[in-house]
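Q: First the structure, which I've put down as structure tokens, then a few questions once you've had a look.
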Amino acid sequence: MFGKGKESSADRGEEAPVLDWRDVSEFSFGRELRRVGKKRRKPVGGPYAVRVPTGDPQDPLLLPCAFFAPDVQGISASRLYEDAAAQHVLVSYDPREASGEEGVWRYRVRDGAGEEIGAIRRIPPANRMVKHTWRIDQPGRPEIVGRNKLARTRPGAAKWAVGRMIGEALASATAGDESDSARKPRTLEWTADGEAVMTSQYLGTYVLSADWLDRRLAFAYALLRDQ
86 MFGKGKESSA
96 DRGEEAPVLD
106 WRDVSEFSFG
116 RELRRVGKKR
126 RKPVGGPYAV
136 RVPTGDPQDP
146 LLLPCAFFAP
156 DVQGISASRL
166 YEDAAAQHVL
176 VSYDPREASG
186 EEGVWRYRVR
196 DGAGEEIGAI
206 RRIPPANRMV
216 KHTWRIDQPG
226 RPEIVGRNKL
236 ARTRPGAAKW
246 AVGRMIGEAL
256 ASATAGDESD
266 SARKPRTLEW
276 TADGEAVMTS
286 QYLGTYVLSA
296 DWLDRRLAFA
306 YALLRDQ
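If you want my numbering, it's the 1-based position in the sequence shown plus 85.
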């Protein structure tokens, strides 16, 4: 979209183009159009938005495809907008409700017209040694299951993952905040009937691999997960 080394209109301080959210395959939340780089001492800023990397992978232009309300501080939000002025809602989620399953909370997800397009469920942990997990429900599609990347499919995977997490926790406690494990974000791999759907990181990047996934459900999950 933008050639390497060429200055875009966004770099010149002009309004950045808004991408179609339907075509997104990778996104993150933020204000930066350009990050600090070899030729850039300060980042190029913009409104708080869902941003998509385009152009040079080494120095991407992070274009918006959806926006937070201008008055939102941080990422405490339950809706996103199609425009920077926050006049047209793209997606929102309802307050949590009991799902009928013990300990499971459900968040209904709605489009800009208020119609329900799916739901996100928070599943409690099986024991205190592991964290809760998430499920995404999209009508007409298999249940989308998010699992910790450490949870392998081979026999004994659960015990192996728990053992590794305990080891990393002890290592970070002895090494202090500078240890790699303390800084490493939790990564979830999402599948539906064995098909890879999405990879997500807490306060990080979301990579969408299934074309049929409603991107608005991924955005809503990111809002919930990053709070």
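The beta carbon of each residue, even a glycine, is placed where N, CA and C say it ideally should be.
If I measure Cβ to Cβ from Thr290 and keep anything under 7 Å in the same chain, skipping five residues before and after, which residues do I get?
A: The residues are Glu111, Ser113.
Q: Once DSSP output is grouped into helix, strand and coil, what is the label at Trp190?
A: DSSP places Trp190 in strand when its eight states are reduced to three.
Q: Enumerated in chain order, which unbroken segments of the beta strand (DSSP E) with a length of 3 residues or greater are wholly contained in the region 103-178?
A: 111-119, 129-139, 146-152, 164-166, 174-178, all fully within the region 103-178.
Q: Take the Cβ of Ala204 as the centre, count every other Cβ of all protein chains shown within 10 Å, and call the residue buried at 16 or more, exposed below.
A: Ala204 is buried by the Cβ-count criterion.
Q: Closer than 7 Å to a non-hydrogen atom of the ligand PLP - does that hold for the CB of Arg119?
A: For the structure depicted, the ligand PLP is absent and the ligand set is empty, with no information on it obtainable.
Q: What's the C-alpha gap between Leu298 and Thr276?
A: Approximately 11 Å between the Cα atoms of the pair.
Q: Please report the residue range of the alpha helix (DSSP H) in which Leu302 lies.
A: First-last of the alpha helix (DSSP H) with Leu302: 300-310.
Q: Which residues in the same chain have their Cβ closer than 7 Å to the Cβ of Arg164, if we skip the five residues on either side of it in sequence?
A: Closer than 7 Å at Cβ, skipping near neighbours: Val174, Val176, Ser177.
Q: By a C-beta neighbour count over all protein chains shown, 10 Å radius and 16 as the cutoff for buried, is Val62 buried or exposed?
A: Residue 62 lies beyond the stretch modelled for the chain, which goes from 86 to 312, so this question has no answer here.
Q: Sorted by chain position, which residues of the same chain lie with C-beta nearer than 6 Å to Glu182's C-beta, five sequence neighbours on each side aside?
A: Cβ neighbours of Glu182 beyond the five flanking positions: Arg191.
Q: What number of angstroms, rounded off, separates the C-alpha of Phe152 from the C-alpha of Tyr133?
A: Answer to the nearest angstrom: the Cα atoms are 6 Å apart.
Q: Kindly indicate which residue of His217, Ala295, Val129, Leu309 has the alpha-carbon position closest to the one of Pro145.
A: Of His217, Ala295, Val129, Leu309, the residue nearest in Cα terms is Val129.
Q: Can the beta-carbon of Trp219 be found closer than 8 Å to that of Ile202?
A: Against a cut-off of 8 Å, the Cβ pair of Ile202 and Trp219 comes out as no contact.
Q: In whole angstroms, give me the CA-to-CA distance for Leu273 and Ala307.
A: Distance between the alpha carbons of Leu273 and Ala307 is about 12 Å.
Q: Reducing DSSP to helix, strand and coil, say where Asp196 ends up.
A: Strand.
Q: What residue range does the beta strand (DSSP E) around Ser285 cover?
A: Residues 280-286.
Q: Report the three-state DSSP secondary structure of Glu274 (helix, strand or coil).
A: Reduced to three states, the DSSP call for Glu274 is strand.
Q: Determine, using beta carbons only, whether Leu147 and Glu117 come nearer to each other than 8 Å.
A: Going by C-beta atoms, Leu147 is nearer than 8 Å to Glu117.
Q: Using a 10 Å radius around the Cβ and a threshold of 16 neighbouring Cβ atoms, would you call Gly279 buried or exposed?
A: Exposed: under 16 other Cβ atoms inside 10 Å.
Q: For Ala101, count neighbouring C-beta atoms within 10 Å of its own C-beta (all shown protein chains included) and say buried if the count is 16 or more, exposed if not.
A: Buried, since its Cβ has 16 or more Cβ neighbours within 10 Å.
Q: Using the three-state DSSP reduction, which class does Thr218 fall into: helix, strand or coil?
A: Reduced to three states, the DSSP call for Thr218 is strand.
Q: Counting C-beta neighbours from all protein chains within 10 Å, is the total for Gln223 16 or more, i.e. buried, or is it exposed?
A: Classification of Gln223: buried, given that the 10 Å Cβ count is 16 or more.
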